[in-house]
Each structure stands twice: as C-alpha cells, then as structure tokens.
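Asks: Taken in order, these protein sequences are the chains called A and B. Numbering-wise (numbering that gives the first Met the number 0), the first sequence opens with residue 0 and increments by one. Numbering-wise (numbering that gives the first Met the number 0), the second sequence opens with residue 0 and increments by one. Virtual Cβ for every residue (Gly too), placed ideally from N, Cα, C. To start, I am sharing the structure in question, which I have written as structure tokens.
Protein chains: 2
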Amino acid sequence: MARPKLQDVAARAGVSVTTVSRVLNNRGYLSDDLRRRVKAAIDELGYRPDAIARSLIGRKSGLVGVVVPTVADPFFGELVSAIERSLAEHGYKTLLCDCQQNAEREAEYLDLLQANRVDGIITSTHNRDVAGYDQAELPIVAVDRRLAAHIPIIRSDNRAGGRLATEHLLARGSRAPLLITATDHAGNDRAASYREVMSERGLEARVRAYGYSTPVEDRRALVETWLSESGADGVFATDDLTAMMALEWAHKTGRRVPDDVRVVGYDGSAAVRQGVPGLTTVAQPIERLGARAAEVLVDRIAAPDAVMAPEPPLSIGLRVGWTS
Amino acid sequence: MARPKLQDVAARAGVSVTTVSRVLNNRGYLSDDLRRRVKAAIDELGYRPDAIARSLIGRKSGLVGVVVPTVADPFFGELVSAIERSLAEHGYKTLLCDCQQNAEREAEYLDLLQANRVDGIITSTHNRDVAGYDQAELPIVAVDRRLAAHIPIIRSDNRAGGRLATEHLLARGSRAPLLITATDHAGNDRAASYREVMSERGLEARVRAYGYSTPVEDRRALVETWLSESGADGVFATDDLTAMMALEWAHKTGRRVPDDVRVVGYDGSAAVRQGVPGLTTVAQPIERLGARAAEVLVDRIAAPDAVMAPEPPLSIGLRVGWTS
DNA sequence: CTGAAAGCGCTTACAG
DNA sequence: CTGAAAGCGCTTACAG
C-alpha cells in the first residue's frame, strides 16, 4: 500500500482527521481512550506525518541552509559536523550548500535556500561581496565573516591567536618570523596581531599573502619560494595546511625543525591534530564555533527582531608540538 | 511586503494563476505577449516559486539524504562534497545526515528522511545492521557498503588496492609487513588481498584490527603497541590516518622511514595529499565515487524498477611518496 | 490559447 | 471533548 496519510489513520481509528492531528501534536483535551486508539492505528499503519505538508502550513520548514566553501576542507568539515549536530539537537535539518570553492555558487544558493523556505542560514564563505545577504529577510548567522551590519558573527579570538603564535615563535628563538596568510586586508586580525607584536619588539614584520582562490599546488610553490628567499627562521601560517607546506619544504630542503626554522599553524582541526600531532598550532574551538552558530541562529529564528548583543569571540589556545 | 505568491503575480500581470504557473513551467501554448507580461510581473515582484508547495503536489521533493559517519573525517568530507556537487548538477539538494560516529543516529535519520519525503538516499556508514534499509521503499545507493541484496554499491577496487599496497611494500624490501585495519571480517577485500599476496610469497600474514568505534587516541595507543611489539619492517594501514599514526610512532621511537620501516596508507584524500604529500598511499577516486553514487541514484529515482547491472568497482592507483 | 476548480497532506480557527 | 471546513502555495486535469 502507498504511504498512509492522516485520513487512513483516522478511518482506521474511527475518528476525524482533526483528532488524529491533535494526538500527533498533543494539542487540546483528548480522552485517554481516543488517544490510545489513534496511537494504535498509527503504529499498525506505520504512519509518519509528512513534513512537507506540515511546512506548508506552519511558517517553519525546519530546514537550515549551511553554506561553506567546501566540506572537503577538514576545517569546514568539522565545522559543518558541529553545526549539524547542534541543529539536530534543536530539531532542525541541515541543507548542505557546498560552494565548491566557487564564489558564484554562493549567490545561487542564497536564492535556492529562500525558494526552499529554509528557516535560517549559517554561512562561512570567503566571498566578501555576495549581494543578497543584506536584503535577505531570513535570519542569518555568519561564522568568522562580516556580511552586513546587522548579521551576527561567531568567531574565535583572532587577535589573541595572532599574538600567541607570534610571541611563541619569538620565545622559541625566532628573530625573523615570516607571516603567511590568505589575504592581507584590514579585517585580518591574525595579521594585525603579528604586526603589533613584531613592532613592540622592534622587529620587522614580513607578510606574504597567497590569495584565497589560488589553487593548492600554486600556493605550495609560492610558499616554498617565499621561505627559501626570505631566510626566515620561523613561520606563522594562518592555517594549518600552509604550515604543513612549510614543514614539507623544510624536509625537502634539509632544514631542521625547529632548530633551523620554527613552524606554527592555525586552526587545529581534529584531522590535523590526529594526523600531524607534532604541529604547533593555534587551536580554534571548532566544535564550539559550530554549536554557538547554531544556537544563535535558533534564537534568531525564535525572535527575529530581538536586539542581540554582539557575540564575544570564543577563546583560543596554543597547542605546542615539536615543530617549534 | 510579505513574500509574493503566485496570486500576486497573477493579479499584477492581469492573468489567472494557471497562466502564471504555465509560464513558470513552460507548459502548453502561451502567446508571447502573455509570457512577457507574466515575466515582467515576476521580476517586478521578485517572485520565487515556493519549493515546498511544489513538492507537496508533485511526487518529488528534490531532496536527497546523504548519510555519513561524519564529515569531520576528511575522506567523508571530500566524498560528501563530490556527492553534493553531482546532485546539484542534477537539480537535487543535499540533506546532510552526519551520524556523528554514532550508530543509533543512522536509524533515526532513516525515519527522518522518509518523513521529509526525500527522493532518495546515499549512505556510506559503517554500521552494518541498521534495520530499515531493506524495507525502505526509497531509492538507495550505498558507497562501499553492502546494505541489502537489491541496493547498488559504488566502490573502488579494494582487491586491487590491497594487492598494490602489499606488493609495493615487498618490492621496497619489507619482509614482515603488518596489516592494520578497522575490522577483519570476510568482506574486507583489502585484508583479503594482503593475505593472498603474503601467502603467494610464502610469508606470514599478520593482521591487527582496531575496531571502528575505537576512539582515535585509543587507536593510536593500540597502533603504537602493535608496531613496537611486532618488529614489523613495513606497515600497510587501510586508511591514511592510521598510516600517519605509524609515521608519528616512527618519529617518536627514532625509526627511520623508509629504511627501518616502510609505510603505506589508503584513501588518498586531497587533505592528506596536500598536508602530507610524502605519504605513500592507495588513492581512491573519491571524486568519482561521489559523482557515480549521485548518478546511479538519480537514475534509480527516474526508473525505480529498472534492472541495473552491478556497478564495476572504480579503479584505484598507488601514489608513491618518501615513506616507502 | 486561457481560466475556474479540485487537490497535494496536513493544521487550525470555529462550531457544537 | 470532538468534528466539518477552510486554507497553506502551488499544479493539473477539465472546460471553454
């Protein structure tokens, strides 16, 4: 038989569909007898309410769009996993929007999500100026990204992280640490802290930026060239993958780590911690970032117009391995 | 103004809702004039059809459930990314079900997906006996997992992979390579090939299995103990993370790689390739696994009762680095 | 070529 | 305490 519907349950239990709906939603007074009969019918038929029909009525679809550059990147994989878990705990489902590292897809997804009546969006992409975020009427939360004035940002303490990493390199004897980062714009707090610390110590800040959209192997070539030419005795990479490229470069060129060159990365995903536990890195609380993003979004869905205090940045920590 | 609906567009264009729907779906004959007027109204109002209402009518929701142990694992992150891309190309949306490494959630998700009327499911979890897969009436495709007789399996050539890895270790001079895998059951083709090759050479096969549900740090302890006690001069790990644990163990205990111990992993995700390019590993075609899974599912959705030939396993390759 | 009406599977005022 | 009816936003026979 085809999938049973409310009507089938009602017929079997000998009641109206209204009553079945009430039992399902625990609404209004119902005699115990009725309740039992209806439940029996539901079980016998293996009835499951149709979530689509429900969404059409209520204002809620129970769906949240999660937009990321790509879950193929372990950092975003972990972030999405944490977001999904927290959303599920709050009764929401995750519609995954993997931009495949492609800026154009983000705008399309924004459209698609609205057509699918998601209740809200969590986004964490690097594409700075996707129009539409400011006009979307949906609750939105951004992870580590400024989208528009009214959109809350969940992030960890990048200023503190940049400081920790730089001071650590200096403490370990580096005198000419190089900063390698994606983009060196004003909002890059990790870079700002690096500059600040270097300036405090009267050292020269040296920054290299490879650009978000640079293919990985091109980035590797850049990193290796920069490292060889700079004569750096330390590297602060603002992501772990780049830090591992520095490690690989040291291996290939016969540098000793940390004696000749100290390496500090950033992010501290579980995948990196497990695979390369020796890497010194600034560990973001990825689990908490995801959970907090979900919580704030759920709150906004419940009270879209509530005034919210800005989220304080989550605290980070330095995990020291043998690379420094 | 609230989100415009079909009625609003119809009113503005001075036509019936039927006509607007026809323009939207390109169905039936329509005068160019009408078509233009309707399109203008749609643009002016910024109208977007409600996907939920559409799903309620048609038999299709356009949603596909993707069930994985967790996208925090880079292999599954890449797999899901590839699946999402391919599904999107075919007009489907991805409902992400991250089991958080927890077998119980899989059954719950199966229920949830049916309630949400997904058009199909792609699953790739390790939980062998989740009831429900055999009775679910939805099109289902499994990635590297046998669920039920009628459910197609997409996988790469594990037999060839196991053989490649083992023969390579022997070719590089290993005489007592140890196999470390998750579970040593009959369906483990990588282990079967290892045994086969060892037997062909008259060497003793030695297998260690850590179990899927073992926490990562416990696994690391096991791996290190096994390696230290076995006196192995080679390691074939059936996943890259375990191979990296072997590398870490060698580093800590002062073994030289590959002179004292050769290490070969399995999976070859982009994250590992980028982060630890020196690792010798059997590279699965993750991108193609995901794409093929999506294609087969889309076919099954289009023709649920079509008889399908079993999918031939996708071919794998050995990527040789400095660890062997 | 175009429109009025029924219906997808539910929930929710409104009656009784 | 329970039910008949309207309605969520669309699509699709069926008329005209």
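Could you run through the region 75-93 of chain B and flag, in chain order, every residue whose CB is less than 7 Å away from some CB of chain A?
Replies: Cβ proximity to chain A below 7 Å picks out Gly76, Glu77, Val79, Ser80, Glu83, Arg84, Lys92, Thr93 from the region 75-93 of chain B.
Asks: Report the option in B/Gln99, B/Arg58, B/Lys4, B/Gly264 whose CA atom is closest to the CA atom of B/Ile41.
Replies: B/Lys4
Asks: Is there a Cβ of chain A sitting closer than 9 Å to that of B/Thr69, yes or no?
Replies: Interface annotation, B/Thr69: in contact with chain A, CB-CB separation under 9 Å.
Asks: Judging by CA-CA distance, which residue of A/Pro48, A/Asn24, A/Gly13 is the nearest neighbour of A/Asp32?
Replies: Comparing Cα positions, the closest option is A/Gly13.
Asks: Give me the chain B residues within the contact set of A/Ile51, using Cβ-Cβ distance strictly less than 8 Å, ordered along the chain.
Replies: Ile51, Ser54, Leu55, Ser60, Asn115, Arg116
Asks: Cα separation between A/His125 and B/Ala175?
Replies: Taking the straight line joining both Cα atoms gives about 48 Å.
Asks: What is the rounded straight-line gap between the Cα of A/Leu109 and the Cα of B/Leu240?
Replies: Using only the alpha carbons, I get a separation of about 35 Å.
Asks: Run through DSSP, which three-state label would A/Val67 get?
Replies: strand
Asks: Residues of chain A with CB under 8 Å from B/Arg47, in chain order?
Replies: Asp110, Gln113, Ala114
Asks: Do the CB positions of A/Val37 and A/Thr17 come within less than 9 Å of each other?
Replies: No, Cβ-Cβ distance for A/Val37 and A/Thr17 is not below 9 Å.
Asks: Can you tell me where the alpha helix (DSSP H) holding B/Arg158 begins and where it ends?
Replies: 157-170
Asks: Determine, for A/Leu240, whether the minimum Cβ-Cβ distance to residues of chain B falls below 9 Å.
Replies: yes
Asks: At least one CB of chain B closer than 9 Å to the CB of A/Leu95: is that the case?
Replies: Output row for A/Leu95: interface = yes.
Asks: What's the C-alpha gap between B/Gln6 and A/Ala141?
Replies: In this structure, the alpha-carbon of B/Gln6 lies about 34 Å from that of A/Ala141.
Asks: Starting from the C-beta of B/Ser227, find all residues in its chain whose C-beta is less than 8 Å away, skip the five residues before and the five after it, and write them out in chain order.
Replies: Contacts found: Trp248, Thr252.
Asks: Between B/Leu168, B/Glu199, B/Ala164, B/Asn187, which has its C-alpha nearest B/Ile315's C-alpha?
Replies: B/Ala164
Asks: What separation, rounded to the nearest whole angstrom, lies between the Cα atoms of A/Arg158 and A/Arg207?
Replies: 18 Å
Asks: Going by other Cβ atoms of all chains shown within 10 Å of its Cβ, with 16 needed for buried, is B/Thr180 buried or exposed?
Replies: buried
Asks: Using 10 angstroms around the beta-carbon of A/Arg77, count the other beta-carbons present and answer buried if the total reaches 16, otherwise exposed.
Replies: With the sequence shown as reference, residue 77 of chain A is identified as Glu, and Arg is not the correct amino acid for it. Counting Cβ neighbours within 10 Å, A/Glu77 comes out buried, since at least 16 surround it.
Asks: Return the Cβ separation of B/Arg145 and B/Ile152 in integer angstroms, given the expectation that the two are a contact with Cβ distance under 8 Å.
Replies: 6 Å
Asks: Short of 7 Å in beta carbon distance, which residues of its chain neighbour A/Arg194, apart from the five on each side in sequence? Order them along the chain.
Replies: Ala204
Asks: Over what stretch of residues does the alpha helix (DSSP H) that includes A/Lys251 continue unbroken?
Replies: 239-252
Asks: May I ask you to report which of helix, strand or coil DSSP gives B/Val215?
Replies: helix
Asks: In angstroms, rounded to a whole number, what distance separates the CA positions of A/Asp298 and A/Gly64?
Replies: 15 Å
Asks: When we look at the beta-carbon of B/Ser198 and count the other beta-carbons within 10 Å, is it buried (16 or more) or exposed?
Replies: exposed
Asks: Identify each residue in the region 247-263 of chain A for which the Cβ-Cβ distance to at least one residue of chain B is less than 8 Å, and report them in chain order.
Replies: Shown in chain order are the members of the region 247-263 of chain A whose Cβ falls below 8 Å from a Cβ of chain B: Glu247, His250.
Asks: With respect to the beta strand (DSSP E) encompassing A/Tyr265, which residues constitute its N-terminal and C-terminal limits?
Replies: Counting along the chain, the beta strand (DSSP E) containing A/Tyr265 begins and ends at 261-266.
Asks: Apart from the five residues on each side of it in sequence, which residues of its chain come closer than 7 Å, Cβ to Cβ, to A/Asp188?
Replies: Asn157, Arg158, Gly161
Asks: Between A/Pro284 and chain B, is there a C-beta pair that is closer than 9 Å?
Replies: With respect to chain B, the C-beta atom of A/Pro284 has no partner C-beta closer than 9 Å.
Asks: Tell me which same chain residues have a C-beta within less than 8 Å of the C-beta of A/Thr213, skipping the five on either side of it?
Replies: Leu221
Asks: Beta-carbon within less than 8 Å of B/Asn70's beta-carbon, same chain only, minus the 5 sequence neighbours each way: which residues are those?
Replies: Note that residue 70 of chain B is Val in the sequence shown, not Asn. Only Gly76, Val79, Leu95, Asp97 meet the Cβ criterion.
Asks: List, in chain order, every chain B residue whose beta-carbon is nearer than 8 Å to that of A/Val271.
Replies: Gly274
Asks: In whole angstroms, what separates the C-alpha of B/Pro73 from that of A/Ala308?
Replies: 35 Å
Asks: Taking only beta-carbon atoms, is B/Gly186 less than 9 Å away from chain A?
Replies: no
Asks: Out of A/Arg47, A/Asp238, A/Arg287, point me to the one whose CA is closest to A/Tyr209's CA.
Replies: A/Asp238
Asks: The ligand GTP and A/Val297: does any heavy atom of the ligand fall closer than 8 Å to the residue's C-beta?
Replies: Only the bare structure without any ligand can be found here, which leaves the ligand GTP out of the picture.
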